[in-house]
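Notes follow once the structure below has been shown.
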Amino acid sequence: MSGTSYAPPVQRLVSELSKLPGIGNRTAQRLAFHILRASGEDAHALAEAIVEVKEKIGLCEVCFNLTDEARCRICEDPRRDHGLICVVEEPSDVIPMERTHEYHGVYHVLGGALSPIDGVDPEDLKIAELFARVAAPEAPVREVVLATNPTTTGEATALHVAEELRTRAPEVKVTRLASGLPVGSDLEYADEITLGKAFAGRRAV
364 MSGTSYAPPV QRLVSELSKL PGIGNRTAQR LAFHILRASG EDAHALAEAI
414 VEVKEKIGLC EVCFNLTDEA RCRICEDPRR DHGLICVVEE PSDVIPMERT
464 HEYHGVYHVL GGALSPIDGV DPEDLKIAEL FARVAAPEAP VREVVLATNP
514 TTTGEATALH VAEELRTRAP EVKVTRLASG LPVGSDLEYA DEITLGKAFA
564 GRRAV
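Under my numbering, residue 568 is the last one in the sequence shown; the count climbs by one each step, no gaps.
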């Protein structure tokens, strides 16, 4: 049964769902039929949740994480170490960091990674805002942890930020998240780049 034989409202729903990342046409059809089978209350709750998130969620004025207030809960928390800033690419990167329960500082979300080939330059990211936070006298920053992704663009972003910080704030320690072998994996399955990173980041035991 082809998608064009659906009633237009169903086809519209399938078409909109298929725009979501990782959702192909077949999955979009399954989701659409699930919504059709759901109660009116459940369908309205989903629609209202989508509308609410678009209307109420914005970016924190300090760190650019997602928030429904002027400042996010992490920036507002006096128990966090505000002298330690972890730099990530996207708001979604904050969640796994928080899950570790190892990090007690604050964050800075860049909103992407440098990629001149895709037209993403330093001024397109929240890099100037990071430098302003580091230079601000009210909360002295001791360390900036660069936790951009271990990709070509993530590495380029970390390098750019590190070089700029060395010039602008030489007293601030700049570190990069270690990358290497995942726990529980076998060496024979590791690619040479991951293995090389693991060697470079080796430490005394």
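Where is the CB? At the ideal position from N, CA and C, for every residue including glycine. Remember, it's a predicted structure, so these values are computed and weren't measured experimentally.
According to the DSSP assignment, Thr538 belongs to no alpha helix (DSSP H) but to the beta strand (DSSP E) extending over Lys536 to Arg539. Per DSSP, Tyr369 has no beta-bridge partner at all. Asn388 counts as exposed, since fewer than 16 other C-beta atoms from the protein chains shown sit within 10 angstroms of its C-beta. Across the structure, Ala510 and Ala541 are spaced so that their CA atoms are roughly 9 Å apart.
Bounds of the alpha helix (DSSP H) holding His397 are Asn388 to Arg400.
Here the C-alpha atom of Val497 lies approximately 14 Å from the C-alpha atom of Thr538. For the pair Leu550 and Ala412, the Cα-to-Cα distance works out to about 44 Å. For the stretch 434 to 492, the continuous alpha helix (DSSP H) assignments of 4+ residues that do not extend past its boundaries occur at 436 to 439 and 457 to 462, in sequence order. Three or more pairs of CB atoms, one per stretch, sit closer than 8 Å, so the stretch 506 to 524 contacts the stretch 459 to 476. Counting every other CB atom within 10 Å of its CB across the protein chains shown gives Thr530 a total below 16, marking it as exposed.
The Cβ neighbour count for Asp456, taken over all protein chains shown within 10 Å, is at least 16; the residue is labelled buried. A distance of 9 Å or more separates the beta carbons of Leu488 and Pro454.
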